[in-house]
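Protein chains in written order, with my numbering: chain Z, 1 to 433; chain L, 1 to 433. Ideal placement from N, C-alpha and C gives every residue a C-beta, glycine not left out.
There are 2 protein chains.
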Amino acid sequence: MPHIAHVSTYDIRFPTPRELDGSDAMNTDPDYSAAYVAITTSAGDGHAGHGFAFTIGRGNDVQVAAIAAVAEHIVGMDLDRTLADMGGLWKHLVHDSQLRWLGPEKGAVHMAISAVVNALWDLKAKRENKPLWKLLADLTPHQIVELVDFRYLTDALTPDEALDILRRAEPGKAERQAHLLTHGYPAYTTSPGWLGYRDEKLIRLCKQAVADGFTQIKLKVGADLSDDVRRCRVARETIGPRMRMAIDANQRWDVGTAIEWIRKLAPYDPWWIEEPTSPDDVLGHAAIRQAVAPVKVATGEHVQNRIVVKQLLQAGAIDFLQIDAARVGGVNENVANLLLAAKFDVPVCPHADGVGLCELVQHLSMFDFVAVSAALDNRVIEYVDHLHEHFVDPVVIDNGRYVTPTRPGFSATLHPATFDEFTYPLGTEWSAG
Amino acid sequence: MPHIAHVSTYDIRFPTPRELDGSDAMNTDPDYSAAYVAITTSAGDGHAGHGFAFTIGRGNDVQVAAIAAVAEHIVGMDLDRTLADMGGLWKHLVHDSQLRWLGPEKGAVHMAISAVVNALWDLKAKRENKPLWKLLADLTPHQIVELVDFRYLTDALTPDEALDILRRAEPGKAERQAHLLTHGYPAYTTSPGWLGYRDEKLIRLCKQAVADGFTQIKLKVGADLSDDVRRCRVARETIGPRMRMAIDANQRWDVGTAIEWIRKLAPYDPWWIEEPTSPDDVLGHAAIRQAVAPVKVATGEHVQNRIVVKQLLQAGAIDFLQIDAARVGGVNENVANLLLAAKFDVPVCPHADGVGLCELVQHLSMFDFVAVSAALDNRVIEYVDHLHEHFVDPVVIDNGRYVTPTRPGFSATLHPATFDEFTYPLGTEWSAG
Numbered sequence: 001m002p003h004i005a006h007v008s009t010y011d012i013r014f015p016t017p018r019e020l021d022g023s024d025a026m027n028t029d030p031d032y033s034a035a036y037v038a039i040t041t042s043a044g045d046g047h048a049g050h051g052f053a054f055t056i057g058r059g060n061d062v063q064v065a066a067i068a069a070v071a072e073h074i075v076g077m078d079l080d081r082t083l084a085d086m087g088g089l090w091k092h093l094v095h096d097s098q099l100r101w102l103g104p105e106k107g108a109v110h111m112a113i114s115a116v117v118n119a120l121w122d123l124k125a126k127r128e129n130k131p132l133w134k135l136l137a138d139l140t141p142h143q144i145v146e147l148v149d150f151r152y153l154t155d156a157l158t159p160d161e162a163l164d165i166l167r168r169a170e171p172g173k174a175e176r177q178a179h180l181l182t183h184g185y186p187a188y189t190t191s192p193g194w195l196g197y198r199d200e201k202l203i204r205l206c207k208q209a210v211a212d213g214f215t216q217i218k219l220k221v222g223a224d225l226s227d228d229v230r231r232c233r234v235a236r237e238t239i240g241p242r243m244r245m246a247i248d249a250n251q252r253w254d255v256g257t258a259i260e261w262i263r264k265l266a267p268y269d270p271w272w273i274e275e276p277t278s279p280d281d282v283l284g285h286a287a288i289r290q291a292v293a294p295v296k297v298a299t300g301e302h303v304q305n306r307i308v309v310k311q312l313l314q315a316g317a318i319d320f321l322q323i324d325a326a327r328v329g330g331v332n333e334n335v336a337n338l339l340l341a342a343k344f345d346v347p348v349c350p351h352a353d354g355v356g357l358c359e360l361v362q363h364l365s366m367f368d369f370v371a372v373s374a375a376l377d378n379r380v381i382e383y384v385d386h387l388h389e390h391f392v393d394p395v396v397i398d399n400g401r402y403v404t405p406t407r408p409g410f411s412a413t414l415h416p417a418t419f420d421e422f423t424y425p426l427g428t429e430w431s432a433g
Numbered sequence: 001m002p003h004i005a006h007v008s009t010y011d012i013r014f015p016t017p018r019e020l021d022g023s024d025a026m027n028t029d030p031d032y033s034a035a036y037v038a039i040t041t042s043a044g045d046g047h048a049g050h051g052f053a054f055t056i057g058r059g060n061d062v063q064v065a066a067i068a069a070v071a072e073h074i075v076g077m078d079l080d081r082t083l084a085d086m087g088g089l090w091k092h093l094v095h096d097s098q099l100r101w102l103g104p105e106k107g108a109v110h111m112a113i114s115a116v117v118n119a120l121w122d123l124k125a126k127r128e129n130k131p132l133w134k135l136l137a138d139l140t141p142h143q144i145v146e147l148v149d150f151r152y153l154t155d156a157l158t159p160d161e162a163l164d165i166l167r168r169a170e171p172g173k174a175e176r177q178a179h180l181l182t183h184g185y186p187a188y189t190t191s192p193g194w195l196g197y198r199d200e201k202l203i204r205l206c207k208q209a210v211a212d213g214f215t216q217i218k219l220k221v222g223a224d225l226s227d228d229v230r231r232c233r234v235a236r237e238t239i240g241p242r243m244r245m246a247i248d249a250n251q252r253w254d255v256g257t258a259i260e261w262i263r264k265l266a267p268y269d270p271w272w273i274e275e276p277t278s279p280d281d282v283l284g285h286a287a288i289r290q291a292v293a294p295v296k297v298a299t300g301e302h303v304q305n306r307i308v309v310k311q312l313l314q315a316g317a318i319d320f321l322q323i324d325a326a327r328v329g330g331v332n333e334n335v336a337n338l339l340l341a342a343k344f345d346v347p348v349c350p351h352a353d354g355v356g357l358c359e360l361v362q363h364l365s366m367f368d369f370v371a372v373s374a375a376l377d378n379r380v381i382e383y384v385d386h387l388h389e390h391f392v393d394p395v396v397i398d399n400g401r402y403v404t405p406t407r408p409g410f411s412a413t414l415h416p417a418t419f420d421e422f423t424y425p426l427g428t429e430w431s432a433g
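So, in C-alpha cells, the structure goes:
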C-alpha cells in the first residue's frame with residue numbers, strides 16, 4: 001500500500017520589484033513569497049504534490065513553520081485512502097484539537113492547511129491525469145458535497161441545499177466544458193493601477209489593457225484622495241466610458257471614510273470598490289454597500305474562512321465574492337464558498353496576484369462555471385503579470401481571457417531552478433546581495 | 001540611552017492532566033502551553049519584561065516562531081521612548097506591511113504581538129514600581145485614548161467618545177481603588193464543570209464552590225445532550241436555586257443546534273451560554289441570543305480582535321464580553337475592547353484559565369472598574385486552579401474573589417525552575433519520558 005512518504009517545506013521569496021509593481025495603500029513594499037510544500041509518496045509513479053501559502057515577505061518563515069506543524073499529520077498516511085476522502089482529511093487537519101487554538105480556522109495555521117490540502121489536490125489530479133478543474137467537475141454532486149465541512153454553515157446552507165444547487169447545474173456541463181476549452185474564462189487586469197506609477201505609465205498601461213482585449217481594469221486607491229481623483233479621471237478618459245474600472249482600497253479606510261472617499265470617485269463610474277475596510281468587518285461592508293450604491297462592493301482575498309463568507313452573504317454586504325485559493329483552507333473550503341455564493345446568487349470574481357495565485361484560482365472558477373454556478377455573466381478572474389515564469393504550467397492569457405489549462409494537476413509546481421535562486425536566505429538571489 | 005537588548009523565546013508545555021481537568025467539547029486533550037517571551041534591556045536596573053501566548057500543545061512551536069518574527073522589530077529600540085509611547089509601538093507592530101499578510105490582526109501573528117506587547121507592559125510596570133492595573137488606572141483619559149488604535153472602530157467609537165467615557169469615570173476613582181484593595185474583584189469558578197468528571201466529582205466540586213464563597217459556577221456542555229441535561233440538573237440541585245450557573249459549549253454547535261440544545265437546558269436556569277458557536281459568527285451569536293433569551297449569551301475568548309468585538313456589540317449579539325488577555329493584541333487592544341463594551345453598556349467578564357491567563361486578566365478587569373466602566377455589577381472574572389504555582393506572583397483567591405495584586409508588573413513572570421522542567425522537548429518533564 002503506497003503511503004505519503006515525505007513532506008518538504010521551502011521558504012521562497014522574490015525581492016521587492018524596483019518598479020513599485022504590487023504596491024498599494026496598505027502593502028507598500030512587498031517581497032512576494034511562497035511558503036512552499038512538496039509531498040512525495042512511496043507509490044513510485046513519479047508524482048509529487050505541490051502547494052503553497054502566499055505571503056509578502058517577513059513572516060514567510062513563520063508560515064513555513066506552520067506548514068511543517070500541519071504536515072506532521074499526513075506523513076505515513078495511506079495514500080489511496082487519503083486521496084479518496086479529501087473531505088475527511090480536511091476535517092482531520094482543521095479540527096486538530098490542539099493546533100486549532102492558534103486560530104481557530106484563521107491566520108497562519110489555516111493558511112498552512114490550505115497549502116497542504118492544495119498540495120494533496122495537486123497530487124490527486126496528477127495521479128488521475130486531469131487538470132484540477134476537470135477532476136472537480138467530473139465528481140458527482142454527492143461527492144462534491146462530501147468535500148465540504150458544513151460545520152457553522154447550516155443556518156445558511158445545508159448539505160441538501162448544496163446538492164440541489166449542484167444537481168441544477170448538471171444539465172449543460174458538457175457544453176460548458178467545451179465552451180471553456182474553446183473560449184477560456186474572462187479576466188481583468190490590475191497591471192495599470194498600482195500606486196506609485198506616474199500618470200504616463202498609467203495611461204500607457206490602460207491603453208495596453210484595451211489593446212490586449214481586457215474588458216475590465218482595476219486601480220489601487222486609498223493613499224491620497226486628490227491623487228485618486230486624478231488617476232481615476234485619467235484612467236476613465238483613457239479607457240472610455242464603456243470599459244469597467246474597478247477600484248481597490250486594500251482595507252485602508254474606516255466605514256465613514258470609505259463612504260466619503262468612494263462618493264468622490266463615483267463620477268468616474270467605478271464598477272466595484274474592493275476591500276474598502278477591514279476584511280473582518282461584515283457589518284461595515286454592509287453599511288458601505290448601502291451608502292455607495294450603485295458602486296458595487298467586492299471583498300474576499302483576506303476573508304479568513306467560510307464562516308465570514310457566510311455572514312457577508314447573509315448581511316447583503318457584497319456584490320462580488322473574491323475568493324483566494326491559498327488563504328482559506330484550500331480547495332475544500334473554496335468549494336463551500338462557491339456553494340454559498342451560488343445559494344445567495346452572488347458572482348465569484350477571484351483574487352489572483354502574488355506568486356501562483358492566478359495559476360491556482362483559475363481551476364476554481366472553471367469548476368464553478370462547469371458544475372456550480374453554471375454562469376459566466378459578471379464573472380472575471382483577476383490577472384497580474386507577476387512571476388508566472390517560475391511555474392512549470394503557467395497561466396496563459398489570450399485576448400483578455402484565461403486559456404483553460406489541460407495539463408494534469410493544480411498548476412502549482414515551481415521550476416527546480418527557482419528553488420536554487422530564491423530560497424531565503426541562502427538562494428543565489430539573496431546570498432549574493 | 002538604555003535600549004531593548006535582547007528578546008528570548010521559550011516553548012513551555014505542561015503535560016495533559018490525567019484527571020481530565022481542562023477537557024471540554026472541543027478541546028479534548030490539551031497540553032496547556034505558553035509560547036513565552038522575556039525582554040531584557042541595557043538599563044542595568046535588573047528588570048525584564050515577561051509575556052506569553054497561551055496555546056494547548058501542538059503549534060506552540062509555531063507560536064514561538066511568530067513571537068520571534070515580531071520581536072525582531074523591537075531589539076535595539078530606545079527603551080524610554082518605546083515605553084513612553086505604547087500606542088505608537090502597537091501600531092508599529094500591528095501594521096508591519098509584510099507580516100500583517102499572515103492575519104491581518106488575527107491568528108498566530110496577532111497572538112505573538114500580544115505576547116510582545118504584554119511583556120513590554122510588564123517591563124513598564126516593573127520600572128514604574130506599580131502593578132499593571134494601577135499603572136493603567138493612573139493614566140489620564142487622554143493618555144489612555146492614545147493607547148488605542150481606532151482604525152476600523154470609528155463607526156462605533158470615536159476618540160472623543162472614548163474620552164467622554166473615561167472622563168465620566170474620573171469621579172470616585174480613589175474610592176474604587178480603595179474598594180479593590182479591601183475587597184478584591186468577584187470571581188467565578190469553572191472547576192466543577194469539566195467534561196469527563198463523574199457525577200460524584202461534579203457534586204463534590206459544586207459543594208466546594210459554594211463553601212469557597214463563589215456566587216457563580218460554570219459547566220462545560222455540548223458533547224452529549226442527555227449527559228448535559230443530567231449534569232445541569234445535578235449541579236443545580238447541588239448549588240440551589242440562587243447561585244448562578246453558566247454553561248459553556250466551546251464553539252461546538254451550529255446556530256440551529258445551539259438554539260435547540262440550550263432550550264433543553266433552560267429548565268436548569270443557566271445564567272449564560274458561552275461560545276455557543278464559532279467565535280467568528282457575529283450574526284450567528286445574534287440569532288442565538290434572540291432565540292434563547294432569557295438565557296444570556298457570552299463570548300470572546302477566541303474573538304480575534306477589536307473589529308469582531310465591535311460587531312458583536314453593534315449586532316446586539318452578546319450580553320457579556322469575555323476578553324482574553326493574550327489573544328487580541330495585548331493590553332492596548334483590550335483597552336479598546338473595554339471602551340467598546342462601556343460604550344454599548346455590556347459588562348466585561350474575562351476568560352481566564354490555561355497558563356497565566358488569570359494572572360494577566362485580573363489587571364484588566366481591575367483597571368476597567370477603576371477607570372472605564374466604574375462598575376462591578378454582573379461582572380466576574382473566571383477562575384480555574386491550574387498551574388498558578390509556576391508564577392512568581394500568582395493570583396490569590398479569597399472567599400470567591402481575586403485579591404488585588406500589589407506587586408509591580410503584569411504578574412506574568414514564571415519561576416526559573418519551570419523553564420528547566422517544562423521546556424519542550426528538552427525539559428526534564430518531557431525528556432524523561
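What residue range does the beta strand (DSSP E) around residue i cover?
| i | result |
| --- | --- |
| Gly193(Z) | Tyr185 to Gly193 |
| Pro270(Z) | Pro270 to Glu274 |
At 8 angstroms on the CB atoms, spell out the chain L contacts of residue i, in chain order.
| i | result |
| --- | --- |
| Pro104(Z) | Gln251, Ser278, Pro279 and His302 |
| Gly329(Z) | The contacting residues do not exist; Gly329(Z) stays about 13 angstroms from chain L at best. |
| Val396(Z) | Residues of chain L passing the Cβ test: none, with the nearest at roughly 27 angstroms. |
What is the residue span of the alpha helix (DSSP H) that residue i lies within?
| i | result |
| --- | --- |
| Met245(L) | Note, Met245(L): premise wrong, no alpha helix (DSSP H); beta strand (DSSP E) at Arg244 to Asp248. |
| Glu200(Z) | Asp199 to Ala211 |
| Ile259(Z) | Val255 to Leu265 |
| Gly88(L) | Met86 to Val94 |
| Gln362(L) | Leu357 to Phe367 |
| Gly429(L) | Checking the sequence, you will find Glu at residue 429(L) rather than Gly. First-last of the alpha helix (DSSP H) with Glu429(L): Thr428 to Ser431. |
For the putative contact between residue i and residue j, defined by C-beta atoms under 8 angstroms, what is the C-beta separation to the nearest angstrom?
| i | j | result |
| --- | --- | --- |
| Val295(L) | Val303(L) | Incorrect: roughly 20 angstroms between the Cβ atoms, too far for contact. |
| Ala375(L) | Leu136(L) | Their Cβ separation, rounded to whole angstroms, is 17 angstroms, which puts Ala375(L) and Leu136(L) out of contact at 8 angstroms. |
| Arg236(L) | Tyr188(L) | So it is not a contact: roughly 15 angstroms between Cβ atoms. |
| Tyr36(Z) | Ile12(Z) | 5 angstroms |
| Leu312(Z) | Val292(Z) | Not quite, the Cβ-Cβ distance comes to about 16 angstroms (not below 8 angstroms), so this is no contact. |
| Ser434(L) | Gly57(L) | Absent from the structure is residue 434(L), since the part of chain L shown begins at 1 and ends at 433. |
| Val62(L) | Ala66(Z) | 5 angstroms |
Residue i versus chain L: which residues are under 7 angstroms apart at the beta carbon?
| i | result |
| --- | --- |
| Met26(Z) | Ser97 |
| Trp101(Z) | Thr55, Ile56 and Gly59 |
Mind pulling the chain Z residues with CB within less than 7 angstroms of residue i?
| i | result |
| --- | --- |
| Ile307(L) | Ser278, Asp280 and Asp281 |
| Arg151(L) | Asp254 |
Can you list the residues of chain Z that residue i reaches, using a CB-CB cut of under 8 angstroms?
| i | result |
| --- | --- |
| Met111(L) | Leu102 |
| Asp31(L) | Gln98 |
Can you list the residues of chain Z that residue i reaches, using a CB-CB cut of under 9 angstroms?
| i | result |
| --- | --- |
| Ala34(L) | Near Ala34(L) there are no residues of chain Z at all, since even the closest Cβ is about 12 angstroms away, more than 9 angstroms. |
| Pro405(L) | Ordered by position in chain Z, no residue passes the 9 angstroms Cβ test against Pro405(L), which lies about 26 angstroms from the chain. |
Using a cut-off of 9 angstroms between C-beta atoms, extract the partners of residue i located in chain L.
| i | result |
| --- | --- |
| Thr154(Z) | Asp254, Val255, Gly256 and Thr257 |
The region 395 to 407 of chain L contacting the region 209 to 216 of chain L, beta-carbon criterion three pairs below 8 angstroms = Contact between the region 395 to 407 of chain L and the region 209 to 216 of chain L is established, with three or more Cβ pairs separated by less than 8 angstroms.
Are the region 346 to 358 of chain L and the region 113 to 132 of chain L in contact at 8 angstroms, needing three or more beta carbon pairs?
-> Taking 8 angstroms as the limit for Cβ pairs, the verdict is that the region 113 to 132 of chain L does not touch the region 346 to 358 of chain L.
With a cut-off of 8 angstroms, do at least 3 Cβ pairs link the region 144 to 160 of chain Z to the region 77 to 94 of chain Z?
-> They touch, by the three-pair rule.
So does the region 240 to 259 of chain Z actually touch the region 233 to 250 of chain L, counting three or more Cβ pairs closer than 8 angstroms?
-> Output reads no: the region 233 to 250 of chain L does not touch the region 240 to 259 of chain Z.
Would you say the region 22 to 29 of chain L touches the region 219 to 229 of chain L, given that touching needs at least three Cβ pairs under 8 angstroms?
-> Counting C-beta pairs with one atom in each stretch, the region 22 to 29 of chain L and the region 219 to 229 of chain L have three or more that are closer than 8 angstroms, which means they touch.
Meets three-Cβ-pair contact criterion under 8 angstroms: the region 376 to 394 of chain Z and the region 173 to 187 of chain Z = Put simply, the region 376 to 394 of chain Z touches the region 173 to 187 of chain Z. At least three CB pairs are less than 8 angstroms apart.
Where the region 334 to 352 of chain L meets chain Z: residues whose CB sits under 9 angstroms from a CB there = Here the close residues number zero.
Answer yes if the region 403 to 416 of chain Z comes into contact with the region 121 to 131 of chain Z, meaning at least three C-beta pairs across the two stretches below 8 angstroms, and no otherwise.
-> Yes: the two stretches touch, three or more of their Cβ pairs being nearer than 8 angstroms.
Is the region 192 to 204 of chain Z close to the region 388 to 395 of chain Z, with three or more CB pairs under 8 angstroms?
-> No, the region 192 to 204 of chain Z does not touch the region 388 to 395 of chain Z.
Report yes or no: do three or more beta-carbon pairs, one from the region 354 to 371 of chain Z and one from the region 330 to 342 of chain Z, lie closer than 8 angstroms?
-> With a cut-off of 8 angstroms, the region 330 to 342 of chain Z and the region 354 to 371 of chain Z count as touching, because enough Cβ pairs lie within range.
Counting pairs of Cβ atoms below 8 angstroms between the region 100 to 112 of chain Z and the region 94 to 105 of chain L, do you hit three or more?
-> Enough Cβ pairs lie closer than 8 angstroms, so yes.
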